[in-house]
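Notes to accompany the following structure.
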Amino acid sequence: MTDRDALTDETLEKPYMLTRAKRASAPFSRFLYASVGAQWTWYMRRQWTEKQWVRHVQRAQLETWVAYVDGTPCGYFELEHHRDRSVEIALFGLLPDFIGNGLGKGLLQDALTRAWKSAERVWLHTCSLDHPQALPNYLARGMRVYRKEQVWDDLPDEPLQSW
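In short: position in the sequence shown from 1, add 6, done, that's this note's numbering.
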């Protein structure tokens, strides 16, 4: 997304409270990653040690935002600020109990709005393993497909487990 004006300004219901996680917490970030990503086969951070998680969450260029419904985390996103003044929505998703309630539309709109506060370009990766509504949601919020590529990778048999 290279034009902030492409972001749809549609008023969406947002029955959640969105908070930036300003205190870096490796266990909490890992919990969110495992909880949201398990059914979508998120595996890139699967082998990370606790030390790698700590290093990741303490980086100045990372913002983690968490949405809560009635005090319970329902979804989150990570914004990764790059030197070229782009912001990547590195992770985005809902916890399983909150999928199918329309929360993803508003949460993505919030992610894009926050990303654009300091960006000249906002981008993300998606793939065929993501929720079937992921790409339609991205397109409906004003994003467009920039590049398609075919990647073959060995996927883990089991989801990420607790430490």
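Ideal Cβ placement from N, Cα and C applies to all residues, glycine included.
Everything numeric in this text was worked out from a predicted model, so none of it was measured.
- When secondary structure is reduced to three states using DSSP, W71 falls in the strand class.
- Under the three-state reduction of DSSP, T78 is assigned to strand.
- Bounds of the alpha helix (DSSP H) holding G43 are A32 to G43.
- The residues W122, in chain order, have a CB closer than 7 Å to that of R10 in the same chain once the five nearest residues on each side in sequence are set aside.
- Secondary structure note for R10: it is in no beta strand (DSSP E), with a DSSP letter that is neither H nor E.
- For W59, the CB contacts under 7 Å within the same chain, skipping 5 residues up- and downstream, are A32, S35 and R36 in chain order.
- Between the region 9-25 and the region 98-115, the count of C-beta pairs closer than 8 Å reaches three or more; the two stretches touch.
- Taking the C-beta atoms as reference points, A140 is found nearer than 8 Å to T132.
- In the three-state scheme derived from DSSP, where H, G and I count as helix and E and B as strand, L97 is classed as strand.
- By the criterion of at least three beta-carbon pairs nearer than 8 Å, the region 91-102 is in contact with the region 40-53.
- Here H131 carries a coil assignment [DSSP, helix/strand/coil].
- Here V93 is near L85, since their CB atoms are less than 8 Å apart.
- In this structure, DSSP gives T25 an extended state, which the three-state scheme calls strand.
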